[in-house]
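Notes to accompany the following structure.
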Amino acid sequence: MPATPSTSALMKTSMVLRFGASILQRISGGFVSQVLLLVGDSASNANLFYKTKFLAEDTFAFAERDGRTMLVVNDMEKGRAEKESSVDDVRSFAEFGYRDLVRETNDRNKAFTILLSRVLEALSADGVVVEGQLPVLYADGLRAEGHALCIDPYLLVGDRRRKSASEIAAIEQAQAATQKAMARAIELISSSGEKGGMLHIDGIPLTSERIQGEIEALLLWEGMDTSQGPIVAGGTGAADPHWLGSGPLRAGEAIVIDIFPRSKRTRYFADMTRTVVKGPAPEPLKAMFKATARALDAALAVIGPGVDGSEVHGAVREVFAEAGFEGEGPGARFIHGTGHGIGLEIHESPSIGTRQVELRPGDVVTVEPGLYDSEVGGIRLEDLVVVTDEGFQDLTDFPRQLEV
Numbered sequence: 036m037p038a039t040p041s042t043s044a045l046m047k048t049s050m051v052l053r054f055g056a057s058i059l060q061r062i063s064g065g066f067v068s069q070v071l072l073l074v075g076d077s078a079s080n081a082n083l084f085y086k087t088k089f090l091a092e093d094t095f096a097f098a099e100r101d102g103r104t105m106l107v108v109n110d111m112e113k114g115r116a117e118k119e120s121s122v123d124d125v126r127s128f129a130e131f132g133y134r135d136l137v138r139e140t141n142d143r144n145k146a147f148t149i150l151l152s153r154v155l156e157a158l159s160a161d162g163v164v165v166e167g168q169l170p171v172l173y174a175d176g177l178r179a180e181g182h183a184l185c186i187d188p189y190l191l192v193g194d195r196r197r198k199s200a201s202e203i204a205a206i207e208q209a210q211a212a213t214q215k216a217m218a219r220a221i222e223l224i225s226s227s228g229e230k231g232g233m234l235h236i237d238g239i240p241l242t243s244e245r246i247q248g249e250i251e252a253l254l255l256w257e258g259m260d261t262s263q264g265p266i267v268a269g270g271t272g273a274a275d276p277h278w279l280g281s282g283p284l285r286a287g288e289a290i291v292i293d294i295f296p297r298s299k300r301t302r303y304f305a306d307m308t309r310t311v312v313k314g315p316a317p318e319p320l321k322a323m324f325k326a327t328a329r330a331l332d333a334a335l336a337v338i339g340p341g342v343d344g345s346e347v348h349g350a351v352r353e354v355f356a357e358a359g360f361e362g363e364g365p366g367a368r369f370i371h372g373t374g375h376g377i378g379l380e381i382h383e384s385p386s387i388g389t390r391q392v393e394l395r396p397g398d399v400v401t402v403e404p405g406l407y408d409s410e411v412g413g414i415r416l417e418d419l420v421v422v423t424d425e426g427f428q429d430l431t432d433f434p435r436q437l438e439v
């Protein structure tokens, strides 16, 4: 799925080396008695799940000092946290007097802030490193309790970027399920008939919604969550890279299928895109598809450790320029970055685009060139690869075929 990062998001890759990493180095180096503190729910906070491997929709706290980790959860969740989490020490809210604090303050938010303060005091923290998304309510409350906070908006970006063998295996499993869903989607299109220019199955118009439903049903059986997609976009509407698609699909028009589910068990995402046409494709779509396939191959030929991501992006743009898809005026254009990291979030560091960023072993990135023309539609092809010591491994093993 193509990323459209904000300016701040584009700064993450370079700034984490100068800002976030230096803070964590001070913690691990023992120069100061700082504690890493994460607060929230791990269903929506990827950093919390990354550090704890404990999935919960209720708010809890994680603290780390000198390599020792602590999880503080509500009383009901303590037993499950002890079984499922990866932390050294699991404590309950009751162990820090939370119920008494609620009675004394008559304010659950204030009571929880005092609980956090007690956790930090138990760890003898001189200072606290927190995420940029820590609620202001807790940040102000902790400062009022006398704690010095160091806010790092790029906390753990570098750590999460370097995927371990187990993380890569989780992504590979998710990608395998995604490929099954892609095969099902293309099978539906390939087996459809044409009536009045529209695609039909068993006399019923084949719609984007029908294929999306089939994709979601298959992925549900595979243990995947598809709440953020998938994209099945046909016709000229597919010139918008993030349009999910809707309505009847037509013969002779490009259908962009972009599937990016998350494993319910591991929480890791997958991502792949293919574009197909039912029946003979018009010449403009053939030219766009040919150039996009060549651009994907050119990008893959460049990827490897030590390579700057902007070189990968440049290889894609060079192919498109040679094919006549650059410049001003009407026609198909490449309007987004070449790729992005993927992991516990669908868009992670590093971004592959115009900004300089050195690719490293352990990076798992999408490579997704595309061409878009509001008069014709869109073509996008996307593989998911992991950068290795020797080059890269393509986690996508699926044919590229325009006409089906």
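According to the numbering used here, the sequence shown holds residues 36 to 439 in order. Quick reminder that beta carbons are idealized off the backbone N, C-alpha and C, glycines included.
In angstroms with no decimal places, state the Cα-to-Cα distance between residue i and residue j.
i	j	result
V411	D93	47 Å
L416	L73	37 Å
G442	L284	Because the chain here runs from 36 to 439, residue 442 falls outside it and cannot be looked at.
I58	S159	With a pLDDT of only 45 at I58, under the threshold of 50, the placement of this residue in the model should not be trusted; the figure read from the coordinates follows. If you take the alpha carbons of I58 and S159, they lie about 18 Å apart.
V392	V347	10 Å
N82	P240	44 Å
L394	M259	29 Å
D306	P315	27 Å
T423	I338	10 Å
D429	D418	7 Å
G132	L150	7 Å
P265	T148	39 Å
A286	L234	6 Å
A218	V312	14 Å
G270	S262	24 Å
I246	P296	15 Å
A146	S77	21 Å
R435	V354	18 Å
V420	E403	11 Å
P365	G397	40 Å
G376	V154	34 Å
T308	K88	29 Å
Run through DSSP, which three-state label would residue i get?
i	result
A350	helix
M1	Residue 1 is absent from the structure shown; the chain starts at 36 and stops at 439.
T423	coil
D260	strand
V439	coil
Q247	helix
F97	strand
S345	helix
L241	coil
R134	helix
E180	coil
E393	strand
D275	coil
If we count the other Cβ atoms within 10 Å of its Cβ and call it buried at 16 or more, is residue i buried or exposed?
i	result
R103	exposed
G228	exposed
A216	buried
V267	buried
K198	buried
S386	buried
H443	Given a span of 36 to 439 for the chain in the structure shown, any question on residue 443 remains unanswerable.
V164	buried
G248	exposed
R100	buried
R134	exposed
V171	exposed
N80	buried
E166	buried
K86	buried
D187	buried
H277	exposed
E112	buried
Which residue comes first and which comes last in the beta strand (DSSP E) that contains residue i?
i	result
Y407	405-408
E318	Careful: E318 lies outside any beta strand (DSSP E), inside the alpha helix (DSSP H) at 318-337.
G75	69-75
E383	383-387
I414	412-415
Quick one: give me the first and last residue of the alpha helix (DSSP H) that residue i is part of.
i	result
Q208	200-226
V154	143-157
T87	81-87
D194	192-196
Per the DSSP calculation, residue i is bridged to which residue(s)?
i	result
E117	Its beta-bridge partners do not exist; DSSP assigns none.
D126	The sequence given here has Arg at residue 126, not Asp. DSSP output for R126 lists V107 as bridge partner(s).
A268	V291
S298	M259
I15	What the structure shows of the chain is the stretch from 36 to 439, and residue 15 is not part of that stretch, so it cannot be assessed.
P443	A query on residue 443 cannot be resolved here, the shown segment of the chain reaching from 36 to 439 and no further.
G376	E383, V400
F433	In DSSP, F433 forms no bridge with anything.
M307	I294
D418	V402
Is residue i close to chain B? Criterion is C-beta to C-beta, closer than 8 Å.
i	result
P340	The chain inventory of the structure shown lacks chain B, comprising one protein chain alone.
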